[in-house]
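K.L.:
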Amino acid sequence: MLLKFGSIPTVVVSSSETAKQVLKTHDLHCCSRPTLAGPKALSYNYLDIAFSPYGDYWKELRRMCVQELFSPKRVHSFQPIKEEEIKKLVDSVSESASQGIPVNLSEKFTALTVRVICKSAFGVNFQGTVLNSDKFEKLILNTFLFLGSFSASDYFPNGGWIIDWLTGLKGERERSVSSLDAFYEQMFDLHKHGNKEGVEDFVDMLLRMEKEETVLGSVKLTRDHLKAVLMNILIGGIGTSAITMTWAMTELMRHPRVMKKVQSEIRNQIGNKSTISLDDLNHLHYLKMVINETWRLHPPSPLMVPREAMSEFEINGYTIPVKTRLYVNIWAIGRDPDIWKDPEEFIPERFINSGIDSKGQNFELLPFGSGRRMCPAMYMGTTMVEFGLANMLYQFDWKLPEGMVVEDIDMDESPGINTSKKNELVLVPLRRLNH
1 MLLKFGSIPT
11 VVVSSSETAK
21 QVLKTHDLHC
31 CSRPTLAGPK
41 ALSYNYLDIA
51 FSPYGDYWKE
61 LRRMCVQELF
71 SPKRVHSFQP
81 IKEEEIKKLV
91 DSVSESASQG
101 IPVNLSEKFT
111 ALTVRVICKS
121 AFGVNFQGTV
131 LNSDKFEKLI
141 LNTFLFLGSF
151 SASDYFPNGG
161 WIIDWLTGLK
171 GERERSVSSL
181 DAFYEQMFDL
191 HKHGNKEGVE
201 DFVDMLLRME
211 KEETVLGSVK
221 LTRDHLKAVL
231 MNILIGGIGT
241 SAITMTWAMT
251 ELMRHPRVMK
261 KVQSEIRNQI
271 GNKSTISLDD
281 LNHLHYLKMV
291 INETWRLHPP
301 SPLMVPREAM
311 SEFEINGYTI
321 PVKTRLYVNI
331 WAIGRDPDIW
341 KDPEEFIPER
351 FINSGIDSKG
361 QNFELLPFGS
371 GRRMCPAMYM
381 GTTMVEFGLA
391 NMLYQFDWKL
401 PEGMVVEDID
411 MDESPGINTS
421 KKNELVLVPL
431 RRLNH
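Numbering-wise, my numbering puts 42 at position 42 of the sequence shown, and it's gapless, one number per residue.
1) What is the rounded straight-line gap between the Cα of Val-426 and the Cα of Asn-104?
2) Roughly how many angstroms lie between the CA atoms of Gln-21 and Ile-233, to the nearest whole one?
3) Please report the distance separating the alpha-carbon of Arg-432 from that of Met-304.
4) Which residues does DSSP pair with Asp-397 in a beta bridge?
5) Using 8 Å for Cβ pairs, my map puts Ser-52 next to Arg-33. What's the rounded Cβ distance?
6) Count the other C-beta atoms from every protein chain shown that fall within 10 angstroms of the C-beta of Asp-189, then say buried if there are 16 or more, exposed otherwise.
7) Thinking C-alpha only, which one of Phe-122, Trp-247, Arg-115, Leu-3 is nearest Val-229?
8) Quick one: using the 10 Å Cβ neighbour count with 16 as the cut-off for buried, is Val-406 buried or exposed?
9) Only counting the same chain, and skipping five residues up and downstream in sequence, which positions put a Cβ closer than 6 Å to that of Cys-118?
10) Any idea which residues DSSP pairs Thr-319 with across the strands?
11) Between Tyr-292 and Leu-365, is the Cβ-Cβ spacing less than 8 Å?
12) Would the beta-carbon of Gly-376 fall within 8 Å of that of Trp-295?
13) According to DSSP, what are the bridge partners of Arg-307?
14) Opposite Ser-32 in the DSSP bridges: which residues?
15) Determine the DSSP secondary structure at Asn-292, reduced to helix, strand or coil.
16) Among Ile-276, Asp-279, Met-384, which has the Cα closest to the Cα of Ala-111?
17) By DSSP, does Val-130 sit in helix, in strand, or in coil?
18) Look at the alpha carbon of Lys-88 and the alpha carbon of Ile-352, and state the distance between them as a whole number of angstroms.
19) In the DSSP assignment, what residue or residues form a beta bridge with Glu-413?
20) In chain order, what residues of the same chain have a beta carbon less than 6 Å from the beta carbon of Phe-363, not counting five sequence neighbours either side?
21) In chain order, what residues of the same chain have a beta carbon less than 8 Å from the beta carbon of Gly-355, not counting five sequence neighbours either side?
22) Alpha carbon to alpha carbon, how far is Met-187 from Ser-264? Give it in angstroms, no decimals.
23) State the beta-bridge partners of Asn-104 as determined by DSSP.
24) Quick check: the stretch 142-157 against the stretch 414-428, are there 3 or more CB pairs under 8 Å?
25) DSSP on Val-405, reduced to helix/strand/coil?
26) Please classify Ser-370 as buried or exposed, where buried requires at least 16 neighbouring CB atoms within 10 angstroms.
27) Just grab the DSSP bridge partners of Lys-220 for me.
28) At the level of alpha carbons, what is the spacing between Phe-183 and Leu-166?
29) For Ala-41, which of helix, strand or coil comes out of DSSP?
30) For Thr-275, which of helix, strand or coil comes out of DSSP?
31) Going by CA-CA distance only, name the one from Ser-151, Arg-173, Glu-174 that's closest to Ile-163.
32) Assuming Thr-10 is part of the beta strand (DSSP E), what are its boundary residues?
33) What residue ranges within the stretch 154-188 form continuous alpha helix (DSSP H) runs of no fewer than 4 residues, ordered along the chain?
34) Ignore the nearest five residues each way along the sequence and tell me which others in Pro-337's own chain have a CB closer than 8 Å to its CB.
35) Leaving out five residues on either side along the sequence, give the residues of the same chain with a beta carbon under 6 Å from the beta carbon of Arg-115.
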């Protein structure tokens, strides 16, 4: 589908066959990112860098992130942090269970991912510092909103900024980015003065590279580059995991058969152990199917972050000119009746012996994208979702708040760059018997 957004030609790809052409066959032709005029109009240079186009700098930066932060070895080293934060979550939910108090799982999952990401990647512990985790979570949510909002200056470069100024969007973005900027500076300051936990973390490494005047490609790292890297980690890492866990629990509450089956698998595998290990996750095959089915129906980013054509190429006989923006409609692909039987139904068993997984080589299921722009933190995100859900389903049974029935569970989606549940998921935890 070809659209014209202002002066910008835009192609939307909504089938697995055409997605494969964009993300694999012609990946090199369209793996750049468009320069967004909206963020560029703000007074923070690192926003331009965060959405950097394809080139030597981007390739070197991606390689560094994959090797230093998101490798399986590095992710495994974060396991004690995950276990500590999961224990805090379980203790908090247990207290609510003992009193029969409903729990806002949307908030709990967001708080969990914020703490794990910030302690794993940034070495920051919010307690005892000037950083406040509750305010930070709201800041991240506001960031998702402004990045996903319509900006006239993105599509009308020669005057759209006036519309953004009149609507108040420019002011809202300035305030959000100003708060983010203060957070980055605060974090750098904490690291410089040694007020953090553990050995050298990712922020330490970035600060060291800045001090050593490291060059990536032909670009010397500056403070703005450091902030751009942190911006990408925050945006990509925090919201998506929490969104997936919330939608998974929502679907499980709507489908008691699936809930019973996945809990039986988890509890049979774990037995009477007090903790769940990464090795245990490898044996939870039905849980993985539940998560894949959740990603199919509720991809965290329903439209992949746009690509931009670097050179002219063809899709199905249609010429894609240079500078065309391309969106892959993951939401539509996940509900395509030509691919999926009963596409609107939540049926994890559809993945039994299907050969389809979420690793980017099967274009029917693309929660992490594919090709050169595929999410580098796929393994970290997957293990975070599996670990969080496994613990909540192992430790507790769940029921709807008093007066609610399954038909009352709403499935409305919020607008924005990430498709979270519009209304928060509130459930009553029950401490499982004989445990």
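Virtual Cβ for every residue (Gly too), placed ideally from N, Cα, C.
Please read these numbers as outputs of a predicted model, since none were measured by experiment.
P.N.:
Reading off the structure:
1) The count along the sequence shown starts at 1 and reaches residue 426 at position 426. The count along the sequence shown starts at 1 and reaches residue 104 at position 104. Taking the straight line from one Cα to the other gives about 4 Å.
2) Mapped onto the sequence shown, residue 21 falls at position 21. Mapped onto the sequence shown, residue 233 falls at position 233. Roughly 28 Å separates the two Cα atoms.
3) Against the sequence shown, residue 432 aligns to sequence position 432. Against the sequence shown, residue 304 aligns to sequence position 304. Between Arg-432 and Met-304, the C-alpha separation is close to 39 Å.
4) For the purposes of this step, residue 397 is taken as residue 397 along the sequence shown, with counting starting at 1. Beta-bridge pairing links Asp-397 to Leu-430.
5) Walking along the sequence shown from the start, residue 52 turns up at place 52. Walking along the sequence shown from the start, residue 33 turns up at place 33. Contact flag correct, Cβ pair sits at about 7 Å.
6) For this step, residue 189 is matched to residue 189 along the sequence shown. It counts as exposed.
7) Within the sequence shown, the letter at position 229 stands for residue 229. Of the residues Phe-122, Trp-247, Arg-115, Leu-3, the one whose Cα lies closest to the Cα of Val-229 is Phe-122.
8) Within the sequence shown, numbered from 1, the residue matching residue 406 stands at position 406. Burial call: exposed.
9) On the sequence shown, position 118 is the one that residue 118 refers to. The answer, listed in chain order, is Val-124.
10) Here residue 319 corresponds to residue number 319 of the sequence shown, with the count starting at 1. In the DSSP output, where bridge partners are listed per residue, Thr-319 has Glu-314.
11) What you label residue 292 is simply residue 292 of the sequence shown in a count that begins at 1. What you label residue 365 is simply residue 365 of the sequence shown in a count that begins at 1. Reading off the sequence shown, one finds Asn at residue 292, where the question assumed Tyr. In contact: Asn-292 and Leu-365 (Cβ atoms closer than 8 Å).
12) Your numbering for residue 376 matches position 376 in the sequence shown. Your numbering for residue 295 matches position 295 in the sequence shown. Note on residue identity: the sequence assigns Pro, not Gly, to residue 376. No, the pair does not count as a contact, with Cβ atoms beyond the cut-off.
13) Working through the sequence shown from its first residue, we reach residue 307 at position 307. Answer by DSSP bridge pairing, in chain order: Leu-326.
14) Locating residue 32 in the sequence shown gives position 32, counting from the first residue. Partner(s): Glu-308.
15) Counting from one through the sequence shown, the residue named residue 292 turns up at place 292. In the structure shown, Asn-292 sits in a helix (DSSP, three-state: H, G or I).
16) Your numbering for residue 111 matches position 111 in the sequence shown. Closest by alpha carbon: Met-384.
17) Stepping through the sequence shown from its first residue, residue 130 is reached at position 130. No answer about Val-130 holds up, because its pLDDT of 48 lies below 50 and its placement is not dependable.
18) Translated into positions along the sequence shown, residue 88 becomes position 88. Translated into positions along the sequence shown, residue 352 becomes position 352. In a straight line, the C-alpha of Lys-88 is about 34 Å away from that of Ile-352.
19) To locate residue 413, count along the sequence shown from 1; it is residue 413. Per the DSSP secondary-structure output, Glu-413 pairs in a beta bridge with Lys-421.
20) Looking up residue 363 in the sequence shown gives position 363. Result list for Phe-363: Ser-16, Ala-19, Lys-20, in chain order.
21) One-based indexing of the sequence shown puts residue 355 at position 355. The answer, listed in chain order, is Asn-362.
22) For this step, residue 264 is matched to residue 264 along the sequence shown. For this step, residue 187 is matched to residue 187 along the sequence shown. Ser-264 and Met-187: Cα-Cα distance of roughly 43 Å.
23) The residue given as residue 104 occupies position 104 in the sequence shown. Paired residue(s): Val-426.
24) Yes, the stretch 142-157 touches the stretch 414-428.
25) Sequence index remark: in the sequence shown, residue 405 carries index 405 (1-based). In the structure shown, Val-405 sits in coil (DSSP, three-state: anything other than H, G, I, E or B).
26) By 1-based counting over the sequence shown, the position of residue 370 is 370. Buried, since its Cβ has 16 or more Cβ neighbours within 10 Å.
27) In the sequence shown, counting from the first residue as 1, residue 220 sits at position 220. For Lys-220, which the question treats as bridged, DSSP gives the partners Val-215.
28) One-based indexing of the sequence shown puts residue 183 at position 183. One-based indexing of the sequence shown puts residue 166 at position 166. One C-alpha to the other measures close to 28 Å.
29) Against the sequence shown, residue 41 aligns to sequence position 41. Low local confidence applies: a pLDDT of 48 at Ala-41 is under 50, so the model's placement there is unreliable, and no value is given.
30) Taking the first residue of the sequence shown as 1, we reach residue 275 at position 275. Here Thr-275 sits in coil by DSSP.
31) Sequence index remark: in the sequence shown, residue 163 carries index 163 (1-based). When each option's Cα is compared against that of Ile-163, the closest is Ser-151.
32) The residue you call residue 10 lines up with position 10 of the sequence shown. Taken as a continuous stretch (DSSP letters only), the beta strand (DSSP E) holding Thr-10 covers 8-13.
33) Given a length threshold of 4 residues, each whole run of the alpha helix (DSSP H) inside the stretch 154-188 is given here in chain order: 160-167.
34) Here residue 337 is taken as the residue at index 337 of the sequence shown, counted from 1. Answer for Pro-337: Pro-343, listed in chain order.
35) On the sequence shown, residue 115 is found 115 positions in, with the first residue counted as 1. Around Arg-115: Glu-85.
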